[in-house]
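One structure is given here, and the rest of the page talks about it.
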Amino acid sequence: MVTLETIRKDMAGFLTKDKDIKCVEVRADTLDEALADAAVQFDTRVANLEYEVVEKGFAGVMGIAKKPWLLKIYQNPETVKKVVVGKNGEVLDTEDEEDVVRIVSKNGEFFIHHFGNDIVLKVTLPVGEGVPVSVDAVLEELNRPDTKKFDEELVKTLVKNGTDNEYQVIGEYTHEPAADAIFVIDISSDEMQATATINPPSIGGADVTVEQIKMALTKQGVVAGISDEKIQDLVDKPPYNLPAVVAEAVLPIDGRDAYITYNFETDRSKIRAKEAANGQVDFKELNLIQNVVEGQPLAQKMLAEQGKAGKTIYGRYLEAKNGKDVQLPLGKNVRVDTDGRTILADANGQVLLINDKICVEPIMEVDGVNIKTGNITFLGTVIVKGAVEDGFNVKAAGNIEVSGTVGKCTLESDGDIIVSSGIIGRDEGKIVCGGSLWAKFIQNTTVQVEENVIVTDSIMNSEVQAQKKIILNGKRAQITGGRLFATECVLAKNIGSEGGGTETLITVGVDPRAKKRLEELLDMQNNNVKILDDLELNITTLENMKKVRKSLPKEKEENLVKLNEQKNEIIEENFQYNEEIEKIQGRLRELKNIGKVYAAGTVYSGVKITVRDEVDEVKADTKSVTFFYENGFVRRGKYEQPNLDDIKGPEGYS
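If you want our numbering, it's the 1-based position in the sequence shown plus 2.
Pasting the structure below:
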């Protein structure tokens, strides 16, 4: 049944909660910024906030006619931090479970005062393992000459249950007004502080009350900064004859200056080598390059805050300074997003802070690639002024230009690769190029390019694949050993070696990758045929045994099942191989450019020239010759200079 008393209790609970609700007004460009600002002021999380929209904001068009949001923001009272005081006076936050466990015990306290004609008592309960207030101690202090009477049972109840931080009347005393405590309020000359000095009462005199102090402050014109907590502490434990602060000016708070938050490491000394899963550090992976892509956010300006004005205790205005703005640190190849605060990359490359400005460099220059630089992976063009040493790799989304030599390394580029000196791969080097490759010479290296390979000196003992042409056009222009594949043509002065000691294979008129894949498929198919022959023999043996014996032992029966399953898997695999082989052979037959090999000097005996699928093995040295395909055969004709108008030098080179 709902009674008036129930409603009163509920209303009292709601009132207590309402007292905990605090509100701030925040003006900001976006809802998120306003809530983040309020979260800082309340020292809580954004999830604990609720808000009302006072004025709706508008982002504007291209920053024009922008209007900020104005919100009233509240903290949910159930999420307000509750604090406890540690033994050294520190505040412990109960939002943290570890802090709750470490709550320090505190003894209970009691305060007996004489207000008007009444004796009043306030009791605080102990915290943790603190010692509770002793009833005897309270009764002893009540035993004074001026005490008329008090309710001992009520005292015992209050000592046991506490007084909820309020004074409760427990008795009467003989009041002598002449013996009352007296106090004076002093105001500092700068209006920043008010103090109260209390002279103690004599026997029969009344203590100073909170209301008396507040009334005295009001009479002296104090309207701001009155501290209920300090006045209550002064009344509870008055430091007689000593001034105690009861009101302080509300000091102004200067606004925070605008600042830049960076999404990349600005201190290069903090960039560390990559650590493997086993804990070992790979000093080839130094992570010195911070790659970014076009449109990637690099930094954001946090706006300056407005200062919060203060007041003297007389209510006079104390001005606060607004935070200072900062300019966006815009360097090369960056732009500002539509919000006017976020800096975006305007190109692929590495992000750098140069002279306090954010720049994106699409070109990276290093003196050499070695232990000092580690491996390089870069979303742009890499220029190496020296050599790429053995064991170090370079990967670039743009071009790679190397002034020195390239050793036993891997170079991978989506663009062109230019090596002013030579490439010495020592059978482990690899070049993968999305454009064309220029080099002085290539030795013992695997090369795969999407366009042309242009060499001025020689190609030796290397496997070179070009989707268009392989051109050697220098004074030597020698191909010695290795395997070369080109879709359109191969041009050199001399091919092979005297005596034919080094195997040299030249293939044109085919897609090198498709040709290589075809060879791989044929090898795998042949291997499967051999496996099938063995399986058929084993299956036939077991089946004949089963016919004779009518049945097989369990192990052999299971083995027969497994052999048949393996046979079916290999047949299915070969079927898939056949489909892919037919597709590749069809593409190779459809190639319009049938391919040619040009040799201005000598093609030595032992060289094998393949045009499309036909092979011409050179039996004797042949001079000034062109190999081409005609009527199903490889033909030889006089050397003719091919049209190389489509071969253009790399950008920036002649």
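All C-beta atoms in this analysis are idealised placements derived from N, C-alpha and C, irrespective of residue type, glycine included.
Go to residue 514, then tell me how far its alpha helix (DSSP H) extends in each direction, as first and last residue.
514-551
From 180, 28, 44 and 499, residue whose alpha carbon lies closest to that of residue 58:
28
Quick check: what's the CA-CA separation for residue 116 versus residue 204?
11 Å
Residue 207 and residue 181: beta carbons closer than 7 Å?
yes
Where residue 380 falls, given that 16 or more other Cβ within 10 Å makes a residue buried:
buried
Rounded separation between residue 86 and residue 111 - CA only:
Note that residue 86 scores 45 on pLDDT, short of 50, meaning its location in the model is unreliable; the coordinates nonetheless yield the value given after this. Between residue 86 and residue 111, the C-alpha separation is close to 16 Å.
Assumed close pair residue 132, residue 167 - CB separation to whole angstroms, cut-off 8 Å:
Residue 132 to residue 167, Cβ: 16 Å. No contact.
Taking the alpha carbon of residue 2 as the reference point, which residue from 478, 450, 462 and 482 has its own alpha carbon closest?
No statement about residue 2 is possible, as the shown extent of the chain runs from 3 to 656 and does not include it.
Could you tell me the boundaries of the beta strand (DSSP E) in which residue 173 lies?
170-175
Beta-carbon of residue 571 versus every beta-carbon of chain D: anything under 7 Å?
Among the protein chains of the structure shown there is no chain D, as only one such chain exists.
Checking 7 Å against the spacing of the C-beta atoms, do residue 257 and residue 324 come in under that value?
yes
Given a cut-off of 7 Å on the beta-carbon distance, is the pair residue 223 and residue 316 in contact?
yes
Touch test, the stretch 423-439 against the stretch 397-412, Cβ-Cβ under 8 Å, three pairs minimum:
yes
What is the DSSP secondary structure of residue 637, counted as helix, strand or coil?
strand
Entirely enclosed beta strand (DSSP E) segments - the stretch 397-442, minimum 3 residues:
402-404, 412-415, 419-421 and 425-435
Just the C-alpha distance for residue 101 and residue 129, rounded to the nearest angstrom, thanks.
Because residue 101 sits at a pLDDT of 40, beneath the cut-off of 50, its placement in the model cannot be relied upon, and the following sentence gives the value as read from the coordinates. So the two alpha carbons sit approximately 15 Å from each other.
Which class does residue 351 belong to by DSSP, given the choice of helix, strand or coil?
strand
Looking at the strands, I want to know which residues DSSP matches up with residue 665.
Outside the displayed span of the chain (3 to 656) sits residue 665, for which this structure offers no information.
Would you say residue 492 and residue 510 are within 7 Å of each other, going by their C-beta atoms?
yes
Where DSSP assigns a beta bridge to residue 45, which residues make up the other side?
Residue 45 pairs with nothing; no bridge assigned.
Helix, strand or coil: how does DSSP classify residue 214 here?
helix
Just to confirm my understanding: we take residue 48, look at its own chain, exclude 5 residues before and 5 after, and list those with CB closer than 6 Å. What are they?
37 and 41
Give the DSSP bridge partners of residue 117, in chain order.
120
Could you check the C-alpha separation between residue 666 and residue 337 for me, to the nearest Å?
One cannot answer for residue 666 here, as it falls past the ends of the chain, which runs 3 to 656.
Taking all protein chains shown into account, decide if residue 361 is buried (16 or more other Cβ within 10 angstroms of its Cβ) or exposed.
buried
What residue ranges within the stretch 176-215 form continuous beta strand (DSSP E) runs of no fewer than 3 residues, ordered along the chain?
184-189 and 195-201
Limits of the unbroken beta strand (DSSP E) element including residue 593
Taken as a continuous stretch (DSSP letters only), residue 593 belongs to no beta strand (DSSP E), as it is neither H nor E.
Under 7 Å between the Cβ atoms of residue 504 and residue 482?
yes
Identify which residue in 573, 260, 190 and 386 has its Cα closest to the Cα of residue 366.
386
Straight-line gap, residue 536 to residue 617 (C-alpha atoms, nearest Å)
33 Å
Where do the ends of the beta strand (DSSP E) carrying residue 463 lie?
455-468
In three-state terms, what does DSSP make of residue 359?
strand
Taking just the CA atoms, how far does residue 369 sit from residue 64?
Low confidence applies to residue 64: its pLDDT is 42, below 50, so where it sits in the model is not reliable enough to give any reading.
Residue interval of the alpha helix (DSSP H) (run including residue 144):
137-144
Reference residue 137, options 106, 154, 148 and 332, closest by Cα:
154
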